[in-house]
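Asks: Every letter in the sequence shown is one number past the one before it in the working numbering, and letter 161, counting from 1, is 265.
We put the CB at the ideal spot given by N, CA and C, even for glycine.
Fair warning: this is a prediction, and the values are worked out from it, not measured in the lab.
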Amino acid sequence: MEILQRVEKPWGLDDFLLRPCCGLLSGSNVWKIFHMQFNGNTDASSARYWNDIAELYQKETRISTSDFHYGPLLPGDSQLELLPNIGKNSGGIFQCLEIGCGAGQNSIFLAKQGAQCVAIDISEEQLAHGRKLAAKENVNVDFRCVSMDSLQEGAWEPASFDLIHSSYALPFSADPAKVISDCAAMLKLGGTLLLTTGHPLYAGEWLDIGDGEDGVFLPDYFQLEADVRMSMDDKTMNAAQTWPISQIAEWIYNAGLVIERLLEPAPLPIPDMSKKEILEKVPYDSKGWRALYDQLARIPVVVIFKCRRA
105 MEILQRVEKP WGLDDFLLRP CCGLLSGSNV WKIFHMQFNG NTDASSARYW NDIAELYQKE
165 TRISTSDFHY GPLLPGDSQL ELLPNIGKNS GGIFQCLEIG CGAGQNSIFL AKQGAQCVAI
225 DISEEQLAHG RKLAAKENVN VDFRCVSMDS LQEGAWEPAS FDLIHSSYAL PFSADPAKVI
285 SDCAAMLKLG GTLLLTTGHP LYAGEWLDIG DGEDGVFLPD YFQLEADVRM SMDDKTMNAA
345 QTWPISQIAE WIYNAGLVIE RLLEPAPLPI PDMSKKEILE KVPYDSKGWR ALYDQLARIP
405 VVVIFKCRRA
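What follows is the structure in structure tokens.
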């Protein structure tokens, strides 16, 4: 797939994480045109991309370790209550695996509740941030550089985990059906897969249709276009893919999992909240996402699947 990318300088976090490569950008009026051949994500390209933006991402995004987050400006688990019981009543040591952890804020939160946590990511730079954060929070999290597309490299025994969770990592997988199948195999009987991935409607393009009206244009729900991004050094492309909800549900079904809940959460009422309330109740926040609040309030940015191994 040939990508024609229009880029403005200077770079900002929104250019890498929020919009498609030809979407709305901010900066100077200097434009740069790239003609590049993009053949899909690989472990090497994903590692280069996320290593390149890790410092900026962790600097510009506030991700709490006092609540379990599901996405930008969304309620945390303190409100959505999707997590299984991790306390003393769960019996034994609760084993958790986070896939595409970034700096592992969700794993750090779970470790603070007494869980034993493994957190994997393709980016060593992201993992380095996570190790520092875990040390600061005085908890133990086993951070490992493992690709979600090669989970067998973790050398885990089948049925090893009570909970496997992932927040917006699946869109970067080269084989999402295999990731879900591998997760199912690693869950204990009755274990939970808590999967947050991109909502297909958010893959559309926002259009101004005049008279102060705008909305999402989605040319083909069943063949959704990837959100292709460029690294800061202009050398690496990476893409986030979304799929029809029924397609994800089919992968889950084929993996032998049962969907217990499916959520399309709306953001919290950020414009009506005080700074204190935002800090206390919004576990994932950034200026870039706040600028997109009006869109998020009308179109879900993620879909959440809570699944159980029966």
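With respect to the beta strand (DSSP E) encompassing Gln-199, which residues constitute its N-terminal and C-terminal limits?
Replies: It spans 199-203 - the beta strand (DSSP E) in which Gln-199 sits, taken as one unbroken run.
Asks: Classify Asp-312: buried if its beta carbon has 16 or more other beta carbons within 10 angstroms, exposed otherwise.
Replies: Exposed.
Asks: What would DSSP say about Met-341, mapped onto helix, strand or coil?
Replies: Met-341 falls in the strand class under three-state DSSP.
Asks: In terms of residue numbering, what span does the alpha helix (DSSP H) encompassing Ile-224 cover?
Replies: Premise fails: Ile-224 lies in the beta strand (DSSP E), 220-225, not in any alpha helix (DSSP H).
Asks: Checking 7 Å against the spacing of the C-beta atoms, do Phe-172 and Phe-198 come in under that value?
Replies: Going by C-beta atoms, Phe-172 is not nearer than 7 Å to Phe-198.
Asks: Using beta-carbon positions only, say whether Pro-369 and Leu-187 come within less than 7 Å of one another.
Replies: For Pro-369 and Leu-187, no; Cβs fall outside 7 Å.
Asks: Hey, how far is the Cα of Ile-349 from the Cα of Leu-231?
Replies: Approximately 30 Å, taken between the alpha carbons.
Asks: Determine the contact status of Val-405 and His-303, defining contact as a CB-CB distance below 7 Å.
Replies: Yes.
Asks: Using CA coordinates, which residue listed in Glu-364, Ile-356, Gly-295 and Ala-414 is at the minimum distance from Pro-280?
Replies: If we check each option's Cα against that of Pro-280, Ile-356 comes out closest.
Asks: Should Ser-378 go down as buried or exposed, given a rule of 16 or more other Cβ atoms within 10 Å for buried?
Replies: The residue in question, Ser-378, is exposed, as its Cβ has fewer than 16 Cβ neighbours within 10 Å.
Asks: Just how far apart, CA to CA, sit Phe-142 and Glu-229?
Replies: Rounded to the nearest angstrom, the two C-alpha atoms are 24 Å apart.
Asks: Report all residues from its chain with a CB closer than 6 Å to the CB of Gln-217; omit the five preceding and five following residues, and keep chain order.
Replies: Correct list, in chain order: Ile-190.
Asks: Out of Leu-267, Cys-200, Ser-150 and Glu-309, state which residue places its alpha-carbon closest to the alpha-carbon of Ile-226.
Replies: Answer by Cα proximity: Ser-150.
Asks: State the beta-bridge partners of Ser-270 as determined by DSSP.
Replies: Leu-299, per the DSSP bridge assignment.
Asks: Locate the alpha helix (DSSP H) running through Phe-213, then write down its first and last residues.
Replies: 209-216 is the span of the alpha helix (DSSP H), which, as asked, contains Phe-213.
Asks: Per DSSP, what kind of secondary structure is Val-245 in: helix, strand or coil?
Replies: Residue state, collapsed to three classes: strand.
Asks: Exposed or buried, what is Asn-342 when buried is set at 16 or more other beta-carbons lying within 10 Å of its beta-carbon?
Replies: Asn-342 should be labelled buried.
Asks: For Arg-413, which residues does DSSP report across the bridge?
Replies: Beta-bridge pairing links Arg-413 to Leu-361.
Asks: So Ala-359 packs on Ile-284, CB below 8 Å; how close in whole Å?
Replies: Contact flag correct, Cβ pair sits at about 5 Å.
Asks: Look at the alpha carbon of Gln-345 and the alpha carbon of Pro-323, and state the distance between them as a whole number of angstroms.
Replies: Taking the straight line joining both Cα atoms gives about 15 Å.
Asks: Determine the contact status of His-269 and Leu-298, defining contact as a CB-CB distance below 7 Å.
Replies: Yes, these two residues count as a Cβ contact at 7 Å.
Asks: Might you give, ordered along the chain, the residues of its own chain that have their beta carbon closer than 7 Å to the beta carbon of Leu-305, omitting 5 neighbours on each side?
Replies: Closer than 7 Å at Cβ, skipping near neighbours: Val-320, Leu-322, Ile-403 and Pro-404.
Asks: Using a Cβ-Cβ cut-off of 6 Å (strictly less than) and excluding sequence neighbours within five positions of Asp-266, which residues of its own chain qualify?
Replies: Phe-198, Gln-199, Lys-292 and Gly-295, listed in sequence order.
Asks: How would you write the range of the beta strand (DSSP E) that Trp-310 sits in, first residue to last?
Replies: 309-314 is the extent of the beta strand (DSSP E) around Trp-310.
Asks: Should Phe-381 be labelled buried (16 or more other beta-carbon atoms within 10 Å of its own) or exposed?
Replies: Going by the sequence as given, residue 381 is Glu instead of Phe. Answer is exposed; the Cβ neighbour count stays below 16.
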